[in-house]
Amino acid sequence: MKSSPLHQNSNASRGNLAPFAPLNSPASHRDLAIPFASSPLLEAELNALSPAQAELVRTFAERGFVIVDLDLARVAPLAERIIGDLAEHYPPQVGRIENAWYFQPEVRELATLPTLLDTLRLLFGRNPIPFQTINFERGTEQAAHSDTVHFHCVPRQFMAGVWIALEDADEANGALFAYPGSHKLPEYDMTTLGLSPTWADYGEYEKRLGRLIESSGIEREVLTLKQGQAVIWAANLIHGGLDIADPHRTRHSQATHYYFENGAYYYPMGSEPIAGKVTLREVIDIRTGRFVPHMHNGKRIRLKEQPHVWRYRRPLPAWVETSDELHHKLEPTHPDELALRVHTLKRTVEELRKSFALAQAHNRIKDEEAARVNADNRAKEAFIKQRDNELAYKIARRVTKTYRSLIGQSAD
Ligand SMILES: O=C(O)CCC(=O)C(=O)O
Numbered sequence: 002m003k004s005s006p007l008h009q010n011s012n013a014s015r016g017n018l019a020p021f022a023p024l025n026s027p028a029s030h031r032d033l034a035i036p037f038a039s040s041p042l043l044e045a046e047l048n049a050l051s052p053a054q055a056e057l058v059r060t061f062a063e064r065g066f067v068i069v070d071l072d073l074a075r076v077a078p079l080a081e082r083i084i085g086d087l088a089e090h091y092p093p094q095v096g097r098i099e100n101a102w103y104f105q106p107e108v109r110e111l112a113t114l115p116t117l118l119d120t121l122r123l124l125f126g127r128n129p130i131p132f133q134t135i136n137f138e139r140g141t142e143q144a145a146h147s148d149t150v151h152f153h154c155v156p157r158q159f160m161a162g163v164w165i166a167l168e169d170a171d172e173a174n175g176a177l178f179a180y181p182g183s184h185k186l187p188e189y190d191m192t193t194l195g196l197s198p199t200w201a202d203y204g205e206y207e208k209r210l211g212r213l214i215e216s217s218g219i220e221r222e223v224l225t226l227k228q229g230q231a232v233i234w235a236a237n238l239i240h241g242g243l244d245i246a247d248p249h250r251t252r253h254s255q256a257t258h259y260y261f262e263n264g265a266y267y268y269p270m271g272s273e274p275i276a277g278k279v280t281l282r283e284v285i286d287i288r289t290g291r292f293v294p295h296m297h298n299g300k301r302i303r304l305k306e307q308p309h310v311w312r313y314r315r316p317l318p319a320w321v322e323t324s325d326e327l328h329h330k331l332e333p334t335h336p337d338e339l340a341l342r343v344h345t346l347k348r349t350v351e352e353l354r355k356s357f358a359l360a361q362a363h364n365r366i367k368d369e370e371a372a373r374v375n376a377d378n379r380a381k382e383a384f385i386k387q388r389d390n391e392l393a394y395k396i397a398r399r400v401t402k403t404y405r406s407l408i409g410q411s412a413d
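The structure is reproduced here in structure tokens:
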């Protein structure tokens, strides 16, 4: 295998991979519907790789994410362009733009960097398909979550997130955090947590998952990244965004989500498989602008035959191959999409409330400070007045004394 120009960030600590029980089968991981890094055959197959590649795969298998250095000479000019051009597109109070690849070529270029695609191919053993981007202006302060509640697929686990720092991200501007190894926990979907797979229950999902991960004993790790570094994470890794300590700082970054070929892709928030409802998801390969066929056990699943389909926002960019669109009935807006909008609005209102409460607290502190300064000033004035009075009295006494001594009277 060709060695990748990416190299793993040296800060990422590594542990030993827990030994997988070997299967009594000569099959390669390619015969299994399991990503390479999760394969029970991993150890045997790592020999075919260079030591650096083997280490990268082992780290990903063990920790559920790796931090890699991209070519800064390539990323920095893209970052500058993206930051400049997207500035006017961020909706007020919402520091994120979904799918800016529709109109911003540099977002697309970053999402499809060959070195990233090579690394994903190495880690998962299948061809990656970049299908969704999110650009962030600021830290998201997003609670711990696993991407499996947002994007899912059959076979499972063939989904990855890649987050690129377009500027330095640290504790002050809301860096990412992750729980190393949490990708090996069971998939805590909405149903497993006793909730319904809808946006109305999402707030409660965050609370329940937060309590669960806290009690797991896994320690949270803050992913401080320099501009041009990227973190690649596995679908089930629990991660989120730190609180922003310095509200004056931006945290420009781009997250891209990838599926892998030969799968069926669905939208878990609108699916209840046991009740016969699976909302399949349109997938457009951002590299080619073509719709990706859904495959299950070698057979094509046709979206036009499916009752529930999550669709990309229309109109699609002109360069997307609509002739290959996997046509299906045009449904009215999916009820869950409405729920998502309500959820987003609620969040915005919540954020506005928080900002308002902060502003009020700030004003209160300012008023208290002004009152304190006023009281101080008044005390100072009173002190000066008293001191002046005393001085005046002393001078008067001295003048009287001098005068009396001049005319020969006693001072008293
Ligand atoms: O950027 C962040 O703070 C969080 C991003 C994230 O969790 C995601 O893209 O899945």
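Take this note's numbering: the last position of the sequence shown gets the number 413, and nothing is skipped along the way.
Just so you know, even glycine gets a beta-carbon here, dropped at the ideal spot from N, CA and C.
message: Just to check my reading of the structure: GLY1 and GLU322 have Cβ atoms closer than 8 Å, yes? What is that Cβ distance to the nearest angstrom?
response: With the chain covering only 2 through 413, there is no way to say anything about residue 1.
- request: May I ask whether a heavy atom of ligand 1 can be found less than 6 Å away from the beta carbon of GLY204?
  value: No; taking the cut-off as 6 Å, the Cβ of GLY204 has no heavy atom of ligand 1 nearer than that.
- prompt: Can you tell which of LYS300, GLY242, SER217, LEU121 has its C-alpha closest to the C-alpha of LYS178?
  reply: At residue 178 the sequence reads Phe, which differs from the Lys that was named. Looking only at LYS300, GLY242, SER217, LEU121, the smallest Cα-Cα distance to PHE178 is reached by GLY242.
- request: Counting only the same chain and skipping the five closest in sequence on each side, list residues whose C-beta sits under 7 Å from that of LEU79.
  value: By the criterion of a C-beta distance shorter than 7 Å, LEU79 is surrounded in its chain by GLU107, GLU110, LEU111, once the five residues flanking it on both sides are discounted.
field: Three-state secondary structure assigned by DSSP to GLU142
entry: GLU142 falls in the coil class under three-state DSSP.
message: Quick check on PRO308: buried or exposed, where buried means 16 or more other Cβ atoms within 10 Å of its Cβ?
response: By the neighbour-count rule (16 or more Cβ atoms within 10 Å), PRO308 is not buried but exposed.
- prompt: Would you say PHE137 and ARG97 are within 7 Å of each other, going by their C-beta atoms?
  reply: Their beta carbons are under 7 Å apart, which means PHE137 touches ARG97 by this criterion.
Three-way DSSP call (helix, strand, coil) for TYR404 in this model: TYR404 sits in a helix when the DSSP states are folded into three classes.
field: Per DSSP, cross-strand counterpart(s) of GLY162
entry: DSSP output for GLY162 lists TRP234, HIS258 as bridge partner(s).
task: Alpha carbon to alpha carbon, how far is ALA372 from ALA13? Give it in angstroms, no decimals.
output: Note that ALA13 scores 44 on pLDDT, short of 50, meaning its location in the model is unreliable; the coordinates nonetheless yield the value given after this. Looking at the two C-alpha atoms, the distance is approximately 51 Å.
task: Note down, one range per segment and in chain order, each alpha helix (DSSP H) of at least 4 residues found wholly within the stretch 45-127.
output: Within the stretch 45-127, complete alpha helix (DSSP H) segments of at least 4 residues are found at 52-64, 73-87, 106-112, 115-125, given in chain order.
Per-residue DSSP class, three states only, for THR149: Shown here, THR149 sits in a helix according to DSSP, grouped into three states.
- prompt: If we count the other Cβ atoms within 10 Å of its Cβ and call it buried at 16 or more, is PRO52 buried or exposed?
  reply: Exposed.
query: Hey, is GLN230 close to ligand 1, as in C-beta under 6 Å from one of its heavy atoms?
result: For GLN230, the CB stays at least 6 Å from every heavy atom of ligand 1.
message: Do VAL67 and ILE219 have their beta-carbon atoms positioned less than 7 Å apart in this structure?
response: Annotated as distal: ILE219 and VAL67, with beta-carbon spacing of 7 Å or more.
Spatial distance of VAL155 from PRO269 (CA atoms): About 12 Å.
Contact the stretch 189-204 vs the stretch 169-177: 3+ CB pairs below 8 Å: Counting Cβ pairs under 8 Å, fewer than three are found: no touch.
- prompt: Going by beta carbon distance, what residues of the same chain come within less than 6 Å of MET296, once the five residues before and after it are set aside?
  reply: Non-local C-beta neighbours of MET296 in its own chain, meaning closer than 6 Å and more than five positions away in sequence, comprise ASN263, ordered along the chain.
task: Drop a sphere of 10 angstroms on the beta-carbon of ASN359, count the other beta-carbons inside from all chains shown, and report buried for 16 or more, exposed for fewer.
output: Asn is not the amino acid found at residue 359; the sequence shown has Leu there. That one is exposed.
message: Does ARG252 pass the burial test, meaning 16 or more other C-beta atoms within 10 Å, or should it be called exposed?
response: When all chains shown are included, ARG252 counts as buried.
query: What separation, rounded to the nearest whole angstrom, lies between the Cα atoms of LYS278 and SER272?
result: Put simply, the backbone Cα of LYS278 is about 5 Å away from that of SER272.
query: Using a Cβ-Cβ cut-off of 7 Å (strictly less than) and excluding sequence neighbours within five positions of VAL150, which residues of its own chain qualify?
result: Scanning its chain for C-beta atoms nearer than 7 Å, with the 5 sequence neighbours on each side dropped, one finds around VAL150 the residues ASP190, MET191, TYR206, PRO269, MET270, in chain order.
- prompt: How about the stretch 119-137 and the stretch 30-46: do they share at least three Cβ pairs that are nearer than 8 Å?
  reply: As far as the Cβ criterion goes, the stretch 119-137 touches the stretch 30-46, which means the pair count is three or higher.
Heavy atom of ligand 1 within 6 Å of THR251 beta-carbon: Relative to ligand 1, even the nearest heavy atom lies 6 Å or more away from the CB of THR251.
task: Report the residue ranges of all alpha helix (DSSP H) runs contained in full by the stretch 185-228; include only those spanning at least 4 residues, in chain order.
output: Every alpha helix (DSSP H) of 4 residues or more that sits fully in the stretch 185-228 is shown, in chain order, as 203-215.
message: Just verifying my parser: in three-state terms, what is the DSSP assignment at GLY241?
response: Residue state for GLY241 is assigned as strand, using DSSP reduced to three classes.
- prompt: Roughly how many whole angstroms lie between the Cα atoms of ALA364 and VAL374?
  reply: Contrary to the premise, residue 364 reads as Asn rather than Ala in this sequence. Between the alpha carbons of ASN364 and VAL374 lies a distance of about 15 Å.
field: Near ligand 1: GLY242 beta-carbon under 6 Å from a heavy atom
entry: Yes, the beta carbon of GLY242 sits closer than 6 Å to at least one heavy atom of ligand 1.
task: Excluding the 5 residues preceding and the 5 following LEU118 in the sequence, name in chain order all residues of the same chain whose CB lies nearer than 7 Å to its CB.
output: Same-chain partners within the cutoff: PRO129.
- prompt: Which of the three DSSP states, helix, strand or coil, is assigned to THR289?
  reply: Coil.
message: For ARG312, which residues in the same chain have their Cβ closer than 6 Å to its Cβ, ignoring the five residues on either side in sequence?
response: GLU283, listed in sequence order.
Top-ranked residue by Cα proximity to HIS249, from ALA144, LYS208, ALA173: Comparing Cα positions, the closest option is ALA173.
field: Closest by C-alpha distance to PRO131, when choosing among PHE159, GLU142, LEU87
entry: Considering only alpha carbons, the answer is PHE159.
query: Among ARG139, ILE396, HIS184, GLU352, which residue has its Cα nearest to the Cα of ASP148?
result: Out of ARG139, ILE396, HIS184, GLU352, HIS184 has the C-alpha closest to the C-alpha of ASP148.
- prompt: Which of helix, strand or coil does DSSP assign to PRO181?
  reply: In the structure shown, PRO181 sits in coil (DSSP, three-state: anything other than H, G, I, E or B).
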